[in-house]
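These notes concern the structure reproduced below.
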Amino acid sequence: MSKAGYVPRFSPVERLLHWVNALGFFFLLATGLILYLPSLSVLVARRQLIQSLHFWAGVGWLSALAIVVVLGAKRLLATARELERYDDDDLRWLRGGRAPQGRFNAGQKINAAFTAAFTVLFGVSGLLLWFGEQDTRYRFASTVILHDGLMYVSLALLAGHLYLALIHPATRHALRGMTLGDVRVEWALRHHAKWEPEGIHLDRGTRRPAERAPQYAHADRSRR
């Protein structure tokens, strides 16, 4: 249960999926850059070892994600349905207009779609690269281009994600939701006005969110 003035945003299984994905991606990024950049390859000098670590870490990453998805299938399926649902407000938001958003804004929905697609593409291209080292029948020039291209796009998306999560004043509070699970009520109302938290009714009233915050500290939880 969240403390007074806060509302739950992400469940434990949603947070676990995020951090398993993030930690695995950072390790793969580090080992991948060592293999990709000549200066780092020379500095580390253990290319064969790093290559094996990179491959088996990728296998472990995908396996761990699959386990989390299976164990939290019911909750994550509901989350997936939220993420794939777009409405007119999402389109207005993407065009730069002011539009109320649900638990996920349109940008977060697109980021989630890219993340899921890139995970699959990284896995497939990584397997082909590995098998190509063992058997030339699986060696395709386009596989290297795809894997490297995914890395460049992922780096750009990661930079934007880290900026919004750690630096930008209006959005960095969202990191609390992904670490502790809850966010301030006034922040949720300001950035996710259409969101109705599960089992909780928020009386939005007519005053500004900052003025209404105290009354939300005792949000109705009767539907839990």
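The sequence shown maps to residues 80 to 303 in the numbering used here.
Even for Gly, the Cβ is constructed at its ideal location relative to N, Cα and C.
This structure is a prediction, so every number in the text was calculated from the model and none was measured.
Determine the direct distance from the alpha carbon of residue j to that of residue i, and round the result to whole angstroms.
{"i": "ASP167", "j": "LEU241", "result": "28 angstroms"}
{"i": "PRO248", "j": "ILE224", "result": "37 angstroms"}
{"i": "LEU208", "j": "LEU237", "result": "24 angstroms"}
{"i": "THR285", "j": "ARG269", "result": "The predicted model places THR285 with a pLDDT of 47, which falls under 50 and marks its position as unreliable, so this point remains unresolved."}
{"i": "THR110", "j": "SER131", "result": "10 angstroms"}
{"i": "ARG177", "j": "PHE201", "result": "35 angstroms"}
Exposed or buried, what is residue i when buried is set at 16 or more other beta-carbons lying within 10 Å of its beta-carbon?
{"i": "PHE183", "result": "buried"}
{"i": "GLY137", "result": "buried"}
{"i": "GLN180", "result": "buried"}
{"i": "GLY103", "result": "buried"}
{"i": "LYS188", "result": "buried"}
Leaving aside the five residues before and after residue i along the sequence, list all residues of the same chain whose C-beta is less than 8 angstroms from its C-beta, in chain order.
{"i": "LEU96", "result": "LEU144, VAL147, VAL148, GLY151, LEU155"}
{"i": "VAL99", "result": "TRP140, ALA143, LEU144, VAL147"}
Measuring CA to CA, which of the options is closest to residue i?
{"i": "HIS226", "options": "THR198, LEU237, ALA244", "result": "THR198"}
{"i": "SER233", "options": "ALA244, GLY186, ASN190, SER221", "result": "ASN190"}
{"i": "ALA101", "options": "ALA195, PHE134, THR222", "result": "ALA195"}
{"i": "PHE134", "options": "LEU170, GLU212, LEU162, SER118", "result": "GLU212"}
{"i": "GLU277", "options": "LEU112, ARG126, ALA157", "result": "ALA157"}
Looking only at its own chain, which residues have a Cβ that is under 6 angstroms from the Cβ of residue i, when we skip the five neighbours before and after it?
{"i": "GLY256", "result": "ARG88, PHE89, VAL262"}
Among the residues of its own chain, which have a CB less than 7 angstroms from the CB of residue i, if the five just before and after it don't count?
{"i": "LEU173", "result": "ALA185"}
{"i": "LEU362", "result": "Since the first residue shown for the chain is 80 and the last is 303, residue 362 is missing from the structure and cannot be characterised."}
{"i": "VAL123", "result": "ILE113, ILE129"}
Query raised in the report: Can we say the stretch 262-272 touches the stretch 86-93, given the rule of at least three CB pairs closer than 8 angstroms?
Result: yes
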